[in-house]
């Protein structure tokens, strides 16, 4: 699909009609888009990660990283990233094709940890500032990339000290676990 659909429900399970259009926010996300994870900030804004086939650097059709932030009413938050979105090129530069985020976490200091399968099939964890810029105090220019090829992230966690934990699956050369 070309759209990310985000639903918000009231405590009793009924659609929250004040959110989006009768409880559903619909935001264009590019060809073959797939939502992967969602988190809600303390201020009620919604952060979504997934993959898309946006054209980047003249290359079209490759799965790419996409992250969006929505306002509390379900509209795109244009104060985040580039008009409310971050794409592969915003996170990984021109070499970021085929990056697929799987998880997003919001840290105690209101930064975002994004993790998944990145460049050359290597698992990655990226830390992004509240405004959608890379946190260059983390990893290499905001990104930790595992050294093993053919790996993917399974889950992500943090502790009260700010440490990051990642569960990663490694595949052998035949792409089997």
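In the working numbering, the protein residues as written are 66 to 242.
Each residue gets a CB set at the ideal place from its N, CA and C atoms; glycine is no exception.
Bear in mind the structure is a predicted one, so any value in this text is a computation, not a measurement.
Asked                                                                                                                                                                              : Found
If contact is defined by three or more beta carbon pairs under 8 Å, each pair taking one atom from either stretch, is the stretch 70 to 89 in contact with the stretch 138 to 149? : yes
Along the chain, which unbroken stretches of the beta strand (DSSP E) at least 3 residues long are found entirely within the stretch 143 to 191?                                   : 150 to 152, 165 to 171 and 177 to 182
Hey, would you say residue 134 sits closer than 9 Å to residue 149, going by beta carbons?                                                                                         : yes
Tell me which same chain residues have a C-beta within less than 6 Å of the C-beta of residue 165, skipping the five on either side of it?                                         : 116, 128, 181 and 182
In angstroms, rounded to a whole number, what distance separates the CA positions of residue 206 and residue 143?                                                                  : 23 Å
Short check: CB of residue 102 to CB of residue 147, under 9 Å?                                                                                                                    : no
Find out if the Cβ-Cβ distance for the pair residue 216, residue 233 is shorter than 9 Å.                                                                                          : yes
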